[in-house]
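What follows is a set of notes on a single structure, which appears directly below.
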Amino acid sequence: MSSDNNNNNNNNNNISRRNFLKTTGIAAGTLVGGGLIGGLVGYNLNGNIGTSTLDHAQNGVTNEATGSPKAKMFFMNNRDFSILSNATERIFPEDDLGPGAIGLDVPYFIDHQLAGQYGSNSKEYMQGPFAEGAPTQGYQSRLTRAEIFKQGIQKIEAEAQSRFKKGFNDLEGAQMDEILTAFQKDEVKMTGVTSSFFFTLLRAATLEGAYSDPMYGGNRNMEGWRMKGFPGHQMAYITQIEDAKFKKIEPNSLGNH
Amino acid sequence: MATTLPSVDVVTVGVGWTGGIIAAECTKAGLKVVGLERGQKRGTEDFLNVHDEYRYAIRYDLMQNLSKETISFRNDRKMKALPMRQLGSFLLGEGLGGSGTHWNGQTYRFLPYDFKIKTMTDERYGANKLGPDYLLQDWGLTYDQLEPYFDKFEKTTGISGEDKNPFSGKRTNPFPTPPMKKTPMLVQFEKAAKNLKLSPYMVPSANLSEAYQNPDGETINACQYCGFCERFGCEYGAKTSAEITVVPTALKTGKFDLRFNSNVVEILKQGNKVTGVKYLDTISGEEFIQPANVIVLTSYVFNNAKLLMVSNIGQQYDPATGKGTLGRNYCYQILPGAAGFFDEQYNTFMGAGSLGMTIDDFNGDNFDHSELNFIHGGNIALTQTGTRPIGSNPTLPDTPTWGPEFKKQSIHYYTRSFGVGAQGASMPYKENYLSLDSVYKDAYGLPLVQLTYNFTDQDRALHKFISARAADIMKEMGAKTVVPSGEIKDYNIVPYQTTHNTGGTVMSLTPEDGVVNNYLQHWDVENLFAVSAGNFPHNSGYNPTGTLGALAYRCAEGIIKYSKSGGSLV
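Protein chains in written order, with numbering that gives the first Met the number 0: chain G, 0 to 256; chain A, 0 to 569.
Printed below as a string of structure tokens:
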């Protein structure tokens, strides 16, 4: 099949104000639900990120074993990294199904990607002249993804200060959501790129970090895959493909290949 | 200063399916062939770590590096064309095997109707069914003429399938290997289609159901249903590609000189013949001239057209006057469909690129269009290609795209939803065409190809009708929630749709109607051939590679014939 079956679904999901309000309503309940299994990891509202206490030993696999170095290759200070972390957690929050973006080390995944080919757009056509195109013409920014993220994080902080007179990392979840929604709906002015484009990148990178092979530094302990029922790297399904029963398969990463 | 190399019989520009087929057939016939491939060598041994959605499916590891070359795009002539800076709508290939390395392997034959679409439409619906702005034309070759070449391509590739499609053109031989395994999802589709009095059959597949040795002696292995086909290479050598079939066949003859990192920038012409190509070694930066008796353009649709345009061969199409043939009849595909959300869980992560069931009841002219404001249609299929977690986050309509509800639903429905989709045919329209961009250049200083394209009324009507049929099937399959695709508006180059681009170097019965004749020999230059899906005067409701492979075999026969006797082949 040439098309992604689910594109159609996603395309229909343009967020509406009504739905957004509905979501933030649920967010409060989620915090409680999340508390039942692992504490408020990821909802550290003091911005003290990077000291996750989630105990992975219970699964018999430590974080070190799956290779997820917690060092910053792109971000240069903890405040900016925490802004990224909190924003991704709002997009993909911890709940009773399992960890959110922070618990999955998504911020480290994004940090590492921004430091490399993804951040420098080395496989994209970046020659000028640059002009603002129609939405149907796609990416027309002169900025690289690294530059867009850098500016985006600064703008998130500026937006927090102007709306709430506080740093983004000190906001309540609903206030963070309000700011992210403003970005998504193109209500924040950015230079050389629209805020909705930055939000689209941020959302996509968050999902990539949650579900890519752990060797990239996210999807910690394959918990993203485990939640979703995706078994990761398996050699073959030839003996199971005809079975009617759903197969719950313990995921495997390329590091074990 | 370019170095001129010793002359050879045939040079191919690009070594994917078409370059590989030309090389295999011509070297077997004793001709000396040089294959110039701008990318690198790659093959089965390089795909050991291919189960990596992020590297291959999201960051496009096997695809064209757009920093070197891309296209520019606008929806219509009034808009300013801007470069496609990132891959999106379609995924261009690069490297040995081309886009045939990361294909799914669904290998259809176009319908007899496709080859005579103008005649048959006029006969059944009158002369002006679509209006004068649609540039419908017969292909200059009938299905029956092409049948032996279809047969040959299927035997080379070992296609797995079943001869149960009542709308198929006549087959002289059965499929070389049996159909793939029928999964619970496919059984459900089959049952629903039969209940609706439709005619389901297994998708013809280049992911082979069993190990197979082709007539050239190359072995293709049995598919393991690992779920990594589209956008990936196959670590088992079980997805037929040029690297495991026709390329080794050509190399074994000792007459095939395959050169990598060799990017052709110009076709050299003297009088009414071409003399060779100029290419750049992208590693050393050196320029070479490779003289040849026959030149064959075997790269992707856009690049074949571009090389003719930058070399000033043929007359560029002008939509204002309707004059010129080069760049005309660019077509894409329309993707109607319906998503279904179920209560029960499915093994959606298992699969193969061509694992599916399909129907042709709403394809071609297999149903009456008298009361409809479009022609043609599309195959409607359920394919179980192996759904992957980054790219697949299904949610019910009106769900936010992020936050707790998004996370909950996208995880829940990952294994509880799938789509029934169609590849809708695309008809040529006077305002949809390829030309050269006047502003943007590639890394070698050549202009980018400029694509001017938008969906037409025909496309919108087709999309609406076929989406409703897909929804009927999904409903019959018992989905709790059925979501037909919304109406299409303007073509958008951002979201992935399909890599089935066609047109621009169209084949035709007369020189007035196309760029090449039905041996894919250039109408103006007898020792120049161009073979790609660019030869299709319109795009059908199927994957194009089966028809493209057949045309490549036809072209190879023409080249061998030409090398003996010269002159025009028609």
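Glycine included, each C-beta is placed from N, C-alpha and C at the ideal position.
Nearest to A:Y561 (by Cα), restricted to the options A:M83, A:A205, A:E285 and A:V293: Comparing Cα positions, the closest option is A:V293.
Could you check whether A:S484 and A:P335 sit closer than 7 Å to each other, using their CB atoms as the reference points? Taking 7 Å as the Cβ cut-off, A:P335 and A:S484 qualify as a contacting pair.
Could you confirm whether any beta carbon from chain G is found closer than 7 Å to the beta carbon of A:H101? Not an interface residue.
Return no unless some Cβ of chain G is closer than 7 Å to the Cβ of A:T414. Chain G, which has a Cβ nearer than 7 Å to the Cβ of A:T414, makes this yes.
So A:D113 is in the alpha helix (DSSP H); what residue range does that whole segment cover? Its alpha helix (DSSP H) spans residues P111 to F114.
Since A:T248 and A:A205 should fall inside the 8 Å C-beta cutoff, what is the C-beta to C-beta distance between them, to a whole number of angstroms? Not quite, the Cβ-Cβ distance comes to about 16 Å (not below 8 Å), so this is no contact.
Taking 7 Å as the cut-off, decide whether the C-beta atoms of A:Y112 and A:G423 are in contact. No, they are not a contact pair.
Just verifying my parser: in three-state terms, what is the DSSP assignment at A:I21? In this structure, A:I21 counts as helix in the three-state DSSP scheme.
Could you give the DSSP three-state label for A:K406: helix, strand or coil? Under the three-state reduction of DSSP output, A:K406 falls in the helix class.
Does G:F182 have its Cβ less than 7 Å from a Cβ in chain A? Cβ-Cβ to chain A under 7 Å: no for G:F182.
Can you tell which of A:Y412, A:F454 and A:V438 has its C-alpha closest to the C-alpha of A:E430? Taking only the C-alpha atoms, the option nearest A:E430 is A:F454.
If distances are taken between C-alpha atoms only, which option among A:Q39, A:G13, A:N491 and A:N74 comes closest to A:V276? That would be A:G13, whose Cα lies nearest to the Cα of A:V276.
Applying the criterion that 16 or more other CB atoms from any shown protein chain within 10 Å of the CB defines a buried residue, is G:V40 buried or exposed? Bear in mind that the predicted position of G:V40 carries a pLDDT of just 29, short of 50, making it unreliable; the figure below should be weighed with that in mind. Counting Cβ neighbours within 10 Å, G:V40 comes out buried, since at least 16 surround it.
Are A:T17 and A:A551 closer than 7 Å when you measure CB to CB? Yes, they are a contact pair.
Would you call the region 37-46 of chain A and the region 90-105 of chain A in contact, with 3 or more CB pairs under 8 Å? They touch, by the three-pair rule.
Taking C-beta pairs closer than 8 Å, name the residues in chain G that A:S564 reaches, listed in chain order. By Cβ distance, chain G contributes nothing, its closest Cβ being about 40 Å from A:S564, past 8 Å.
With 16 other CB atoms within 10 Å as the buried threshold, where does A:V186 fall? With fewer than 16 other Cβ atoms inside 10 Å of its own Cβ, A:V186 counts as exposed.
Three-state secondary structure (DSSP) of A:H521: Taken through DSSP and simplified to helix, strand or coil, A:H521 comes out as strand.
Could you pull out every unbroken alpha helix (DSSP H) segment of at least 4 residues lying fully inside the region 73-136 of chain G, listed in chain order? Along the length of the region 73-136 of chain G, whole alpha helix (DSSP H) runs at least 4 residues long occupy 77-90, 105-113 and 116-119, reported in chain order.
A:D436 - containing beta strand (DSSP E), residue span: Counting along the chain, the beta strand (DSSP E) containing A:D436 begins and ends at Y432 to K440.
Does the separation of the CB atoms of A:L547 and A:G557 fall below 7 Å? Cβ atoms of A:L547 and A:G557: not closer than 7 Å.
Burial state of A:K77, where buried means 16 or more other Cβ atoms lie within 10 Å: Here A:K77 is exposed, its C-beta having fewer than 16 other C-beta atoms within 10 Å.
Which residues, taken in chain order from the region 231-253 of chain G, show a beta carbon closer than 8 Å to some beta carbon of chain A? Among the residues of the region 231-253 of chain G, those with a Cβ less than 8 Å away from any Cβ of chain A are G231, H232, Q233, M234, A235, Y236, I237, Q239, I240, E241, D242, A243, F245, K246 and L253, in the order of the chain.
7 Å Cβ cut-off: residues of chain A touching G:S121: Within chain A, the residues near G:S121 are S66.
When DSSP labels each residue in this structure, what does A:K196 get in the three-state scheme? It is coil, neither helix nor strand.
Three-pair Cβ contact test at 8 Å for the region 131-141 of chain G versus the region 165-172 of chain G: Contact fails between the region 131-141 of chain G and the region 165-172 of chain G, because fewer than three Cβ pairs, one in each stretch, are under 8 Å apart.
In the region 440-468 of chain A, which residue ranges form an unbroken beta strand (DSSP E) of at least 3 residues, counting only runs that do not cross its ends? Segments of the beta strand (DSSP E) lying fully in the region 440-468 of chain A: 446-451.
Taking the beta carbon of A:G545 as the centre, do at least 16 other beta carbons fall within 10 Å, making it buried, or is it exposed? Its Cβ being crowded by 16 or more others within 10 Å, A:G545 is buried.
Beta-bridge pairing of A:Q289 - partner residues as DSSP gives them: Paired residues: A:V276.
Threshold first: 4 residues or longer. Then list the alpha helix (DSSP H) segments lying entirely within the region 274-353 of chain A, N to C. DSSP runs (the alpha helix (DSSP H)) wholly in the region 274-353 of chain A: 300-309.
Output the distance between the C-alpha atoms of A:Y59 and G:S252, rounded to the nearest integer angstrom. Near 20 Å, if we compare the C-alpha coordinates of G:S252 and A:Y59.
Taking only beta carbons into account, state which residues of the region 133-156 of chain G come closer than 9 Å to chain C, listed in chain order. Among the chains of the structure shown, chain C does not appear; the protein chains present are G and A.
Rank A:S391, A:L134 and A:S167 by C-alpha distance to the C-alpha of A:P203 and give the top, closest one. The closest CA to that of A:P203, considering only A:S391, A:L134 and A:S167, is found on A:S167.
Identity of the residue in A:Q63, A:M83 and A:L61 nearest A:S71 by Cα: Cα-wise, what sits closest to A:S71 is A:M83.
With 7 Å set as the bound, which would you pick, yes or no: does the beta-carbon of A:Q344 sit closer than that to a beta-carbon of chain G? Output row for A:Q344: interface = yes.
Determine, using beta carbons only, whether A:M201 comes closer than 7 Å to chain G. Closer than 7 Å: no.
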